[in-house]
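Written below as structure tokens is the structure these notes are about.
Number of protein chains: 2
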Amino acid sequence: MVIRKIKPADYDGLWAILKPVLRAGATYTLPRNMSRENAILYWDAAAHQTFVAIKDNQIIGTYYLRDNQAGPGDHVCNCGYVVADFAAGKGVAKALNAHSVQTAENCGYRAMQFNAVVSTNTRAVTLWQRCGFDIVGTLPGAFLHPDDGYVDAYIMYRDLTG
Amino acid sequence: MVIRKIKPADYDGLWAILKPVLRAGATYTLPRNMSRENAILYWDAAAHQTFVAIKDNQIIGTYYLRDNQAGPGDHVCNCGYVVADFAAGKGVAKALNAHSVQTAENCGYRAMQFNAVVSTNTRAVTLWQRCGFDIVGTLPGAFLHPDDGYVDAYIMYRDLTG
Chain A
0 MVIRKIKPAD
10 YDGLWAILKP
20 VLRAGATYTL
30 PRNMSRENAI
40 LYWDAAAHQT
50 FVAIKDNQII
60 GTYYLRDNQA
70 GPGDHVCNCG
80 YVVADFAAGK
90 GVAKALNAHS
100 VQTAENCGYR
110 AMQFNAVVST
120 NTRAVTLWQR
130 CGFDIVGTLP
140 GAFLHPDDGY
150 VDAYIMYRDL
160 TG
Chain B
0 MVIRKIKPAD
10 YDGLWAILKP
20 VLRAGATYTL
30 PRNMSRENAI
40 LYWDAAAHQT
50 FVAIKDNQII
60 GTYYLRDNQA
70 GPGDHVCNCG
80 YVVADFAAGK
90 GVAKALNAHS
100 VQTAENCGYR
110 AMQFNAVVST
120 NTRAVTLWQR
130 CGFDIVGTLP
140 GAFLHPDDGY
150 VDAYIMYRDL
160 TG
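Line order of the protein sequences matches chains A and B.
Numbering that gives the first Met the number 0 applies: residue 0 is where the first sequence begins, and numbers increase by one.
Numbering that gives the first Met the number 0 applies: residue 0 is where the second sequence begins, and numbers increase by one.
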């Protein structure tokens with residue numbers, strides 16, 4: 000597996016893994032019916048650094064990194080990750096996170112923050128905890144899950160200065 | 000005091016109260032050197048509902064209200080408030096918050112979230128607590144204060160369904 004910066008030629012492969020996650024509506028605070036164009040504009044926005052994980056010439060994962068806030072908050076970054084269904088459970092998300100932490104440290108960020116980790120997504124919560132992230136806040140009922148209704152979302156945070 | 004929707008004719012008055020807050024850099028995660036144009040584009044963005052408080056034909060305060068997240072998170076709103084220095088301590092912020100809560104309820108939002116209340120801004124923290132907001136998370140060192148260095152920021156949250 001190679002992780003490298005995204006190129007426009009990757010957009011078909013990017014959309015192939017973003018689309019099912021968006022349509023499922025169970026893990027991301029993005030519109031469930033988001034169009035291909037808007038999804039790509041968002042994921043590879045000018046203010047994002049966006050990477051893809053490639054294996055056997057196929058995109059199996061992606062992440063973006065950006066400032067979480069502007070001005071006096073711009074030393075904290077935010078990332079979003081998606082792994083292809085067919086590549087789940089093979090450490091891709093963990094590798095993407097490790098790569099993003101390295102990218103963030105290279106850019107001088109002091110911390111990484113996730114703003115809305117869905118509490119019912121226990122696989123993600125556990126993974127991020129193993130990656131050194133703490134739950135620093137709980138947002139009551141902040142996520143409308145398609146099966147479970149209004150569920151809590153967590154704010155997760157990792158210091159990068161240690 | 001009247002609180003009403005902003006109009007382009009209000010932009011000079013809006014900038015007059017936004018500018019000192021931005022330049023001080025002590026309370027908002029917006030670029031300290033933000034231009035008039037960008038500040039107005041941000042504060043009165045298409046996705047924001049923006050209001051001004053007027054007294055004696057002068058703008059003494061303002062707030063915006065927007066979705067805090069998209070898709071499965073769009074039932075939680077976010078607001079930002081600014082009160083003119085010369086109108087501080089007269090209940091303007093409290094009145095703006097009460098108005099924003101009413102606006103949010105009318106729009107069907109289920110909760111209101113503040114993403115980065117600077118912990119050293121004790122006046123704001125105490126005010127929001129009096130207005131029914133809880134500190135639901137603490138972001139360690141997430142705000143670079145011009146005098147105090149890296150200080151914590153709070154996530155504050157109020158349920159609107161009760």
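The beta carbon of each residue, even a glycine, is placed where N, CA and C say it ideally should be.
Compare the C-beta of residue i against all C-beta atoms of chain B and say whether one is closer than 8 Å.
i	result
P19(A)	no
D84(A)	no
V162(A)	Only positions 0 to 161 of chain A appear in this structure, which leaves residue 162(A) out of reach.
D158(A)	yes
Y63(A)	no
Please list the partners that residue i has in chain B, where partner means a Cβ-to-Cβ separation under 8 Å.
i	result
F142(A)	P71 and G72
DSSP beta-bridge partners for residue i?
i	result
I154(A)	G136(A)
L143(B)	Y149(B)
I58(B)	I53(B)
V1(A)	I53(A)
D82(A)	The sequence given here places Val at residue 82(A); Asp does not occur at that position. According to DSSP, V82(A) bridges with G60(A).
N114(A)	DSSP lists no partner for N114(A).
Q68(A)	In DSSP, Q68(A) forms no bridge with anything.
V75(A)	A110(A)
Q101(A)	For Q101(A), which the question treats as bridged, DSSP gives no partner whatsoever.
Q48(B)	L64(B)
Which same chain residues end up closer than 7 Å to residue i when comparing Cβ atoms and leaving out the 5 residues on each side of it in sequence?
i	result
C76(A)	L64, R65, D66, N67, A103, Y108 and M111
T160(B)	R109
T119(B)	H144, D147 and V150
A38(A)	W14, L17 and L21
A152(B)	A115, V116, V117, S118, L138, A141 and F142
R31(B)	L21, R22 and G24
R35(A)	W14
In chain A, which residues lie with their C-beta within 8 Å of the C-beta of residue i?
i	result
A92(B)	Near A92(B) there are no residues of chain A at all, since even the closest Cβ is about 20 Å away, more than 8 Å.
Residues of chain A with CB closer than 9 Å to the CB of residue i, please, in chain order.
i	result
I16(B)	The premise fails here: I16(B) is roughly 17 Å from chain A at the closest Cβ pair, so nothing lies under 9 Å.
Q112(B)	L138 and A141
Examine chain A for any beta-carbon lying closer than 8 Å to the beta-carbon of residue i, and answer yes or no.
i	result
Q68(B)	yes
V81(B)	no
R109(B)	yes
G161(B)	no
P30(B)	yes
Using a beta-carbon distance below 8 Å, is residue i in contact with chain C?
i	result
A115(B)	No chain C is present in this structure, whose protein chains are A and B.
Looking only at its chain, what residues have a beta carbon closer than 6 Å to the beta carbon of residue i, apart from the 5 residues adjacent to it on each side?
i	result
N56(A)	none
C78(A)	Y62, L64 and S99
W127(B)	M155
T28(A)	A115
G131(A)	R157
List, in order along the chain, the chain B residues whose C-beta lies closer than 7 Å to that of residue i?
i	result
A46(A)	Under the 7 Å cutoff, chain B gives no residues; its nearest Cβ is about 13 Å from A46(A).
Report the neighbours of residue i on chain B: residues whose CB is nearer than 9 Å to its CB, in chain order.
i	result
V135(A)	G136, T137, L138, P139 and I154
Could you name the residues of chain A that residue i contacts, counting a contact when the two beta carbons are closer than 7 Å?
i	result
G24(B)	G70 and P71
Y10(B)	Per Cβ cutoff of 7 Å: no residues; Y10(B) is ~20 Å from chain A at best.
With a threshold of 8 Å on Cβ separation, who are the neighbours of residue i within its own chain once the five nearest residues in sequence on each side are excluded?
i	result
L95(A)	I2, F50, A52, G60, T61, Y62, Y80 and V82
M33(A)	L21 and Y41
I58(A)	D9, G12, L13, A15, I16, V51, A52 and A83
With a cut-off of 8 Å, do at least 3 Cβ pairs link the region 45-54 of chain A to the region 1-13 of chain A? In short, these stretches touch, since the Cβ pair count reaches three.
Does the pairing of the region 127-143 of chain B with the region 130-145 of chain A give three or more beta-carbon distances under 8 Å? These segments touch.
Counting Cβ pairs closer than 8 Å, one from the region 139-158 of chain A and one from the region 7-23 of chain B, do we hit at least three? These segments do not touch.
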